[in-house]
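Report on one structure; see the data block that follows.
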Amino acid sequence: MAAIDQSVGARFNSFGLVIPEALSCNSSALWSRYRLAVESSVEEGSFPQEPYDESVSVFQSWASLGRGPTEELRSFGEQLHSTAWSDSASSCLFGLVTALEVIARRHVGHVRRQMLALAEELLYFGSTDVLSSSPWPARRSDILLNLLHPEDKGLEDAWKTFSPEAVRPSPLPFVWPLPAVKIPEEVEPPRFRLWLTDQHSIMSGEIAYLFTRHLQNFRVRVDRQSVSLYCRFHNVCFSDGRVAALLRHPRIYQIRPGAGFLDGLEEVEKVGRDIDRLAREFHHLFRSSLRTVDAFMCSIPIYWCKLYQHFRKPILGVMDQPIFLFVQPHLRTLWLRDFRELAQDPKNVFVCDTAFLQLQVLWQTGLKLPVARYLAIQTARWQWRAPQEEDLSRILVVQQQLHRPFFLPLLKEFSALNAGTRKLQVVGFEEVPAWKSGRKDRYKRLAEHRAAVVFPYDVHFIKLLELYSMGVPLYLPADFFMWAFSWTVSDPAVMEPAIAQNASETWPHPPPFCATKGLRHIDPARCHYWASYSDIARLPHMAYFASFPDLLLQLHSASNGELQLRSKAMRAFQAETTSQVLAFWQHAVLRLLSRRTQAKESRRNRGRSVLG
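If you number the sequence shown the way the working numbering does, the last residue is 670 and the count never jumps.
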């Protein structure tokens, strides 16, 4: 993985590229003078202690305007869509952040915290953090370290600096196997009936596809009863209206068209609150029709495993999120106990989809669960090939618009300003007609891009895995850990450190979350550590960039042959792990069927003894 070079020279001068006005502030005499003073302090080795007087001056000039972070962010967005500098005397987002860091460095206590908090608010939790692509030397990582870990003694010299190395991927396996199980000697393949439901169908959709299309030695039937907002994309939507009524599915859908994963959260939490009553109703409604089910599956949220508690059937729990997701706080201690009992019950199989989640569950419960990676197997059939001449320049950008609204327009601006990279056509997902309209060939059209740039918002990023399965050459920020931990996997609100079952004295790592409660801030050092266990670091044959100029130069210089070799290597890894995952699920199904097999063997033995 590429090293993270934070120096001004590496970020600006050595590339010889034109920097967009919204980042450089060249048109403003005030900010241009200030930037020269900042660059001098960097060359002299005195930044961020200096230039103090100049920093105070530009901050006071900005403060006198009565503007707040919201107005400054709005102005920044307007600059990205304007060809003229509209407010040259006052607006320079990254210059202001730099001034705040210098002032904070020279103060202690309340003033330092106030300056750092304002700087982080201007960076809007990382959504505007493209400092590595600007001529300004401020670092969000340093701002956060000193904001979250203030020096107890209040010493001015006690300033923390974050100097990250490249994230080193953990060598843990992508498939952590179950113990081998002997395949029963059947005259014909054994029957296996699986019943599933969930609130998010990404995991159940892949399991249903794998089990019905790829498992050998079984006659599989999957009863698909997902109440997910996305179930139509994974072909696992409910067919029994009683399931939808029980799990409040219509109420989730009625919130608004195009609702997302966390829309309808209050309805999902009501299901969690009432899960014991719903489990009794579920058993009463379905005990007759589901008597031939061999196993029940639960995934997101894993708490819905409790729905099956009265059936005495094996449970397959496939985990993608922390165990307390959608579990109200007053129910978590009891659920932790119940989860441990379920996961340790020999008739059940509980599986994590990443090494990262495996360690989180170990920390929370003391149990080390097996791992089987999410393959995105249904998109693997659309194989990337080097585009034809007319499509050579199309670069797909993957970002979450809500959290990262500025990255795509900034990248387009960089490309347009520089003749050497101008031929690159940078497009977002919503600019791909097939994707925007939801056409059946949308993934085929995504695979026609020369490469994809991914700005992750999570450590387990489905769009990344889908593009990887197709062999699309991928580029990611080397400091991805500054953005990737902005989802539930890093929120202590769903981790409950106070009731975690680990032996804290012997736990060798920082806790497996790196954000403050509610995901307001992240701890750079902790996120850097845990990033090594994420798919973003561990999947091989991906490229990493230190800044937007670095990215554009990599994209410009990569030959078709180089991209083809990378794509081929990605698909070879995909094929290798697909084989491992299928073998894993073969053994998992045998485990789930073991009680039925043992009962059959017991009946045979009794029959032999009677005949004998």
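Ideal placement from N, C-alpha and C gives every residue a C-beta, glycine not left out.
| query | result |
| --- | --- |
| Span separating the alpha-carbon of C289 from that of E327 | 19 Å |
| Nearest-angstrom Cα separation, counted from T219 out to S65 | No answer about S65 holds up, because its pLDDT of 44 lies below 50 and its placement is not dependable. |
| Exposure of I373, with buried meaning 16 or more beta-carbon neighbours within 10 Å | buried |
| Cβ neighbour criterion (16 or more within 10 Å) applied to K521 | buried |
| DSSP-derived helix/strand/coil call for A573 | strand |
| Rounded straight-line distance, which links the Cα of A162 to that of V169 | 7 Å |
| The region 613-628 / the region 546-558 touching (three or more Cβ pairs under 8 Å) | no |
| Cβ pair count under 8 Å reaching 3, the region 228-237 against the region 637-651 | yes |
| Where the beta strand (DSSP E) through I373 begins and ends | I373 to M377 |
| Backbone secondary structure at I201 - three-state DSSP | helix |
| Expected contact under 8 Å - CB spacing of I580 and F543 to nearest Å | 5 Å |
| Own chain residues within Cβ distance below 7 Å of L651, not counting five before or after | P248, F250 and D352 |
| For P535, the first and last residue of its enclosing alpha helix (DSSP H) | Unbroken run through P535 is the beta strand (DSSP E), L532 to P535; no alpha helix (DSSP H). |
| Limits of the beta strand (DSSP E) - the one that W253 falls within | R249 to L254 |
| Own chain, CB closer than 6 Å to A61, minus 5 neighbours either side, in chain order | Here A61 scores only 46 on pLDDT, less than 50, and its place in the model should not be relied on; the value that follows carries that caveat. Taken in chain order, the residues that qualify are A224. |
| Own chain partners of S548 with C-beta closer than 6 Å, once the 5 adjacent residues on each side are dropped | F571, C572 and A573 |
| Top-ranked residue by Cα proximity to A434, from P380, L254, F291 and E506 | F291 |
| Selected residue, minimal CA-CA separation from T186, among K481, S119 and L469 | L469 |
| Reduced DSSP category for H292 - H, G, I as helix; E, B as strand; rest coil | helix |
| At least three beta-carbon pairs within less than 8 Å, the region 405-420 to the region 375-393 | yes |
| Simplified DSSP state of Y526, which is helix, strand or coil | helix |
| Residue range of the alpha helix (DSSP H) that includes C585 | P582 to A589 |
| Supposed close pair Q483, I453 - CB separation, criterion 8 Å | 7 Å |
| Residue from S122, L131, L81 and T156 whose Cα sits closest to the Cα of E108 | T156 |
| Own chain, CB closer than 7 Å to S146, minus 5 neighbours either side, in chain order | Caution applies to S146, whose pLDDT of 44 falls short of 50 and renders its modelled position unreliable; the model cannot decide the point. |
| A444 (DSSP reduced to helix, strand or coil) | coil |
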